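Quick notes on the structure that follows.
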Amino acid sequence: MSNSRENWGSKLGLILAMAGNAVGLGNFWRFPYQAASNGGGAFMIPYFAALILIGIPVMLVEWNLGRYGGRYGHGTLGPMVYLQAREGTKPKTALIIGSLAGMIAFAVTLLVNSYYNHIIGWTLGYSFLSVTGGYADTAVSTGEVFVNYIQSPGMVFTFWIIALAGLGFAVMRGIQKGIEAWAKLMMPVLYVFGIVLAIRALTLGSPVDPDWSSMKGLNYIWNPDFSALSWRSAIAAAGQIFFTLSIGMGIICNYASYLKADDDVVVSSLATISLNEFAEIILGGTAVIPIAYAFLGPDGVGAGVGLSFIALPNVFRTMAGGQIFGALWFLLLFFAGFTSAIAMYNYLVALMEEDLGVTRGKAAWMVFLGYIIVGLPVGLEPILTKTADLAYFTEVDNWVGSNLLIVLGLIEIIAAAWLMGDGAFEEMNRGGIWKVPKWFFNVFHKLVTPIVIMVLIFFSYLDFYKAGYFKAVPSFVANSPQLVPWVNGARVVVFAVMLVGFIQSYRSIKTK
Ligand code: PHE
Ligand code: NA
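Heads up, the sequence shown is in the working numbering, so the first residue is 22 and it goes up one at a time.
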């Protein structure tokens with residue numbers, strides 16, 4: 022079985038595919054507003070702490086889990102985690118741990134894409150609007166443009182389906198001809214666009230208010246503010262590290278399962294992290310935040326989710342050459358999102374190939390249908406409720422985009438560092454161009470990383486509890502009765518998908 026698995030075609034292709042996996046909307050859409058709404062400079066302190074204490078150790082574990090699982094013919098998390106966990110515990114316990122891991126990876130790869138694919142569709146739609154001057158008319162606010170967009174079935178569904186079809190087509194062609202080929206094309210272009218935008222951003226004065234400028238925007242995010250530190254910003258920062266590095270999702274492991282047994286994982290993991298962080302803090306932080314600050318001031322930067330789609334179009338409609346820069350920006354978002362979504366898509370395709378024994382082509386069609394079904398409520402909510410709250414989207418993101426990732430990270434590190442233990446350490450260094458030092462594994466993987474993750478999980482649930490989150494009608498929608506069914510609907514869907522995921526991975530481990 023393991024012989025029939027495809028491998029990556031080249032080192033460069035592998036690194037670009039992994040960078041494509043990690044560099045996504047998380048870097049350009051999520052990072053700026055997370056940083057801005059958690060105090061700018063105050064956010065960056067826990068952000069770097071989480072990068073070192075969690076990001077690097079978990080990334081190494083994921084590459085190792087994936088390459089190890091791939092050797093046994095597996096591309097999915099259930100069997101991967103099981104294989105390592107059984108080295109240090111009873112087969113029954115390992116079966117449960119593996120099933121939980123598989124359950125979360127299944128829920129994340131299916132459900133994150135219920136909204137993520139829509140945002141990819143929006144970026145395509147907005148690229149189109151940029152070129153055609155669709156938001157150039159200053160009589161209509163960019164907020165209204167956005168609300169009109171998400172309430173228009175024509176716009177929403179057309180671009181969403183185009184994006185989904187593109188993904189399906191890419192994944193269908195396999196690892197080398199599909200995933201690797203698209204990453205080699207899109208990633209270099211993405212970096213070039215990002216650099217052009219960042220340079221433009223840094224040379225902007227402020228045409229609006231002499232007190233605002235892109236340099237002040239840089240200062241806003243790079244000036245550490247220890248007094249504004251809080252648990253909330255720490256949790257948000259750790260959540261962002263998971264999301265942006267694609268860890269706790271299963272998709273790094275899946276890509277790593279197409280490695281050969283002696284391919285390096287240490288330097289490659291670090292290369293993936295570096296390419297992602299360059300895109301995030303240099304390009305995302307330097308292009309987006311300073312542009313927004315120069316034109317909109319501190320309040321504009323804090324525009325939350327709307328930063329990319331509402332605040333920035335405001336800038337593009339007033340700046341010279343805005344149509345071009347707007348198009349560059351939304352195409353950059355599109356490439357980023359597309360090469361990440363391919364990874365989630367491929368995870369589910371691998372799952373179907375392995376467990377249902379179907380061909381890649383057939384599996385790609387099944388995932389396409391699955392994504393349409395889970396994505397429908399996200400697209401329909403604004404259209405049917407005539408609101409722009411995106412409550413269903415937000416609820417799914419709270420659970421699978423922020424919470425489950427961290428839990429999966431913990432399970433993976435327990436399976437590798439505690440149960441497989443030193444065997445995992447040796448496995449990690451096999452074929453390594455550099456080697457992870459033993460002290461690093463002992464200090465981080467065995468101790469610091471799992472403890473930090475556990476503390477974070479505790480405080481994050483406490484925070485949810487205090488915010489009235491676990492009530493039947495959670496506080497944040499108590500004043501909008503029309504949204505309650507959407508939030509509860511999202512909860513039912515998340516729960517149902519987790520149940521299916523558990524059964525699926527349990528059976529997958531048992532039958533092999
Ligand atoms: N790391 C990705 C990002 O930053 C996360 C992701 C991957 C989300 C795949 C969705 C699909 O956007
Ligand atoms: Na990312």
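Ideal Cβ positions, reconstructed from N, Cα and C, are used throughout, including at glycine.
Nothing here was measured: the structure is a model prediction, and the numbers come from that model.
Reduced DSSP secondary structure (H/G/I, E/B, other) of residue i
i	result
Ala277	helix
Glu27	coil
Trp455	coil
Asp232	coil
Val421	helix
Pro245	coil
Arg528	helix
Met22	Any reading at Met22 must be qualified, since the residue scores a pLDDT of 43, below 50, and its modelled position is unreliable; the value itself is stated next. It is coil, neither helix nor strand.
Met80	helix
Asn59	coil
Lys113	helix
Glu375	helix
Lys198	helix
Ser501	coil
Leu46	helix
Val489	Note that residue 489 corresponds to Gly in the displayed sequence, not to Val. Residue state, collapsed to three classes: coil.
Glu108	coil
Tyr93	coil
Contact check, residue i vs residue j, beta carbons under 8 Å
i	j	result
Leu291	Ala43	no
Gly87	Pro100	no
Tyr137	Gly271	no
Ser235	Phe64	no
Phe49	Leu354	yes
Thr144	Gly396	no
Leu539	Ala348	Lying before the first or after the last residue shown, residue 539 is absent from the chain, which here runs from 22 to 533.
Gly96	Glu375	yes
Gly238	Pro311	yes
Gly41	Met208	yes
Ser526	Phe127	yes
Trp203	Ile363	yes
Leu46	Ile140	yes
Phe264	Gly422	yes
Leu352	Phe214	yes
Trp29	Leu218	no
Val505	Val514	no
Ile242	Gly61	yes
Leu426	Val161	no
Lys467	Ala438	yes
Val210	Phe356	yes
Val152	Thr470	no
Ala517	Asn85	no
Val473	Leu131	no
Ser361	Asn424	no
Ile285	Ile454	Checking the sequence, you will find Asp at residue 285 rather than Ile. Taking 8 Å as the Cβ cut-off, Asp285 and Ile454 qualify as a contacting pair.
8 Å Cβ shell around residue i - same chain, five flanking residues per side excluded
i	result
Ser23	Unreliable placement is indicated for Ser23, whose pLDDT of 41 sits below 50; no coordinate value is reported for it.
Val168	Pro403, Ala409
Leu72	Ile262, Ile294, Glu298
Tyr89	Met101, Leu104, Gln105, Glu448
Lys456	Val287, Asn450
Neighbourhood of residue i by C-beta distance below 6 Å, restricted to the same chain and skipping five residues each side
i	result
Ala257	Gln55, Asn59
Phe414	Tyr136, Val399
Gly343	Phe337
Gly76	Ile262, Leu266
Tyr103	Ala115, Gly119, Ile530
Ile36	Ala292
Ile200	Ala38, Ile363
Pro174	Ile404
Gly142	Phe180, Trp181, Ala184
Trp420	Val515
Cβ neighbours of residue i in the same chain (closer than 7 Å, five flanking residues each side left out)
i	result
Gly442	Gly109
Glu83	Ile268, Ile273, Cys274, Ala277, Glu433
Ala385	Gly189, Val192, Met193, Val370
Val428	Ile125, Ile478
Ile331	Thr163, Gly164, Phe167, Ala324
Val122	Inspection of the sequence shows that residue 122 is occupied by Ala rather than by Val. Only Leu98, Gly99, Val102, Leu429, Ile432, Glu433 meet the Cβ criterion.
Arg381	Met193, Gly195, Val370, Glu374
Ile171	Val177, Pro403, Ala409
Gly489	Pro495, Ser496
Continuous alpha helix (DSSP H) assignments of at least 4 residues falling wholly in the stretch 380-443 = 381-406, 412-417, 425-434
Could you give the uninterrupted runs of the alpha helix (DSSP H) lying entirely in the stretch 298-353, keeping only those of 4 residues or more?
-> 310-322, 332-339
Considering only residues of the stretch 111-182, which uninterrupted alpha helix (DSSP H) runs meet the minimum length of 4 residues and lie entirely inside it, listed in chain order?
-> Qualifying alpha helix (DSSP H) stretches, in chain order: 112-153, 163-171.
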